[in-house]
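Mapping the sequence shown onto my numbering, position 2 (from 1) lands on 26, and the numbers just tick up by one. Glycine included, every Cβ here is placed at the ideal spot set by N, Cα and C. Report on the structure given below.
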Amino acid sequence: MSEQNHMVDKNENLNESEVRSTVDRIPEEERDQILQNFDVFKEYLGKRVRVGEKLGMSEEQLAKTAEKVADYLAENEEPRNREEKLLKELWSVGDKEQQHMLAHMLVRMVE
């Protein structure tokens with residue numbers, strides 16, 4: 025798979041146009057398993073955060089990435105549990121700055 029098919033390139037730049045294709049590459053059954061249970065979702069997110077940290081991404085870069093994924097999920101996935109429902113509601117009432125802070129909190133929660 026080429027570098028342009030990833031959300032983050034080797035220079036740690038976020039390729040926002042790749043969020044959808046990156047999420048869409050997760051098989052539907054696996055995506056359902058991840059989103060059905062909030063603890064599984066946190067574990068999945070935690071693994072991705074650790075990969076980003078190993079790549080040398082800062083918390084700010086991780087939060088920006090989490091923000092783009094959260095935007096995608098809010099627009100394209102229905103909440104599958106009460107925690108996701110709460111996150112979606114918080115996301116929808118927050119302005120961009122509040123959403124960014126929520127993304128930071130999510131990154132910190134799974135570290």
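Residue burial classification, E135 (beta-carbon count within 10 angstroms, cutoff 16):
Taking the first residue of the sequence shown as 1, we reach residue 135 at position 111. In this structure E135 is exposed. Its beta-carbon is surrounded by fewer than 16 other beta-carbon atoms within 10 angstroms.
Three-state class that DSSP yields for E102 in the structure shown
The sequence position of residue 102 within the sequence shown is 78, counting from 1. In this structure, E102 counts as coil in the three-state DSSP scheme.
E113 to K78, Cα distance in whole Å?
Counted from its first residue, the sequence shown places residue 113 at position 89. Counted from its first residue, the sequence shown places residue 78 at position 54. Each residue's alpha carbon lies about 32 Å from the other.
Opening and closing residue of the alpha helix (DSSP H) in which G118 lies
Numbered from its first residue, the sequence shown carries residue 118 at position 94. Premise fails: G118 is in no alpha helix (DSSP H) and is neither H nor E.
Where the alpha helix (DSSP H) through G76 begins and ends:
Start at 1 with the first residue of the sequence shown, and residue 76 comes out as number 52. Its alpha helix (DSSP H) spans residues F62 to K78.
Could you tell me which of E83, E102 and A127 sits nearest to R55, measuring between CA atoms?
Reading the sequence shown from its first residue, position 31 is the one you call residue 55. Comparing Cα-Cα distances from R55 to each of E83, E102 and A127, the minimum goes to E102.
Where V3 falls, given that 16 or more other Cβ within 10 Å makes a residue buried:
An answer regarding residue 3 cannot be provided, because it is not within the stretch 25 to 135 covered by the chain.
Can you round the beta-carbon distance between N105 and Q57 to whole angstroms, since I take them to be within the 8 Å contact cut?
Looking up residue 105 in the sequence shown gives position 81. Looking up residue 57 in the sequence shown gives position 33. About 12 Å separates the Cβ atoms of N105 and Q57, ruling out a contact at the 8 Å cut-off.
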